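Residue numbers (numbering that gives the first Met the number 0), protein chains in the order written: chain A, 0 to 190; chain B, 0 to 208. Don't be surprised by glycine CBs; every beta carbon is placed ideally from N, CA and C. On a predicted model such as this, the values are computed, not experimentally measured, just so you know.
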Amino acid sequence: MIFREVEDRDLIAQAGRGNVDAYNVLVSRWEKRVFNYLLRLVSNREDALDVSQEVFLKAYQNLPKLADPERFTAWLFRIAHNEAFSLLRRRRPESDLADVPRPSQSGNLLPIELSLAVESALRVLSEDQREAVLLKVYQGFKFDEMAEILGCPVSTVKSRLYTALDLLKSTLAPAVAGGRATFREGLRGES
Amino acid sequence: MSCTLNDQKPDWKAYALDELDPVARRQAEIHAAACAECHEEIASLRLTLNALSNLREEEIPRRIAFVSDKVFEPRWWQGLLRPSFAASFSAAGLIAAAILVHGFIRPMAPVPAPIDTAVLQRQMEQQIEKQVAARVRGDVSQQINEAVTKAVAQTEQREEQKTAAVLAATEKRYTEQRRADFATAAANYDMLSKQLTKMYAVNTGVGVR
């Protein structure tokens, strides 16, 4: 017997017709990605969880309006983007990025230390730049999908992302310096 | 060694982010193999992206409340909003709108004033006074009605008698007049008959002496 995994588009079609179980499967498939994206954007676990909840609720309510099920992922992240920035706008007066810790200056970091260094480096970016990195590096969207999610031209997406990469490169340089020589050797070996 | 392509260098960020098409990607790789500066740039970008990939993916602290949870169950009216009910809703909406419009166009019934016990008591007293007055007026009216009825009956009787007398007198006079007319007519007939006889006799000589 051949077991075929149910495709997202089938689940979306069923959920759009009011099948709650199909939507539950969709939620379980996407909740972790959406939560992590929101967590990096809003930098607070409880807020990220609350916003995730809102995102999936709004997605359920608006699912019948989704014309093309193939666009579900971009559409879902578009909702997440809107909800996250709605929260960020509400709490902006209280935010203070000046206190964000800088990445460690050590060149040989443990994975957990490197993870914390990346987390800190991401917080140095503006919200727009950070979101561009999150969508590209962690969610794997293409430029045109990012433009759809963010509601801006591809050129703007690239501009934000490239600026962010330059900033991250310089911010993370001390943290990754230890691995640079090894990495360079590895590249030479490949070519 | 600086890159020989200068401003026409490949978009290394797009390359590192896997956004170049296969042809552009191949050309970029060929160039990078021979260009130390571009080679260094790719290495730097890959290091950064590699570092970024070390970011821990967080486990979700608790599951997202599924829509099957009670709080997310569709409301009864949301079920009614599904397309199968849309046509029925449209018709019902039109009818409801028509009823509402009709209700607004019609003159409004006066809104009853709030009940005031003092006013109510005064109204009751006025009502009682009206009923008493009506009762009193009713007795007088009855007497007047009886008197008027009696007077009318008497008047009618008198009128009938007068009419009957006038009729009788008229009929009597008419009968006498007819009799007189018959008598006059008979006399005239006799006289004319005699004159004719006399004229016949004169003309014919019959019976003339």
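- For the pair A:Val136 and A:Ala146, the CB atoms are not nearer than the 8 Å cut-off.
- Around the beta carbon of A:Ser27, a 10 Å sphere encloses fewer than 16 other beta carbons of the protein chains shown; the residue is thus reported as exposed.
- DSSP places A:Asp127 within a helical segment (H, G or I) once states are collapsed to three.
- Counting every other CB atom within 10 Å of its CB across the protein chains shown gives B:His38 a total of 16 or more, marking it as buried.
- Annotation for A:Leu167: Ala120 place their beta carbon closer than 6 Å to its own, counting only its chain and skipping 5 residues before and after.
- Taken in chain order, the complete alpha helix (DSSP H) segments of 4 or more residues contained in the segment 19 to 54 of chain B are 21 to 33, 35 to 51.
- A:Phe140 sits in coil when the DSSP states are folded into three classes, being neither helix nor strand.
- According to the DSSP assignment, A:Ile11 belongs to the alpha helix (DSSP H) that extends over 7 to 15.
- Within chain B, the residues Ile63, Ala64 have their CB atoms less than 7 Å from the CB of A:Gln52, given in chain order.
- In terms of Cβ geometry, A:Ala163 and A:Leu134 do not form a close pair [threshold 8 Å].
- Around the beta carbon of B:Tyr173, fewer than 16 other beta carbons sit within 10 angstroms, so the residue counts as exposed.
- Between the alpha carbons of A:Arg129 and A:Thr72 lies a distance of about 19 Å.
- Only those residues of the segment 2 to 25 of chain B whose C-beta falls short of 7 Å from the nearest C-beta of chain A are listed: Lys12, Leu16, Glu18.
- Taking one beta carbon from each stretch, the segment 17 to 26 of chain A and the segment 34 to 49 of chain A have fewer than 3 pairs nearer than 8 Å; the two do not touch.
- Annotated three-state conformation of A:Ser85 is helix, per DSSP.
- Listed along chain B, the residues sitting closer than 7 Å to A:Lys135 by beta-carbon distance are Leu16.
- Membership of A:Asn23 in the alpha helix (DSSP H) is indicated by the continuous run 19 to 41.
- Here the alpha carbons of A:Val50 and B:Asp17 stand approximately 30 Å from one another.
- Among the residues facing chain B, A:Glu30 is included, as its CB has a counterpart in that chain under 8 Å away.
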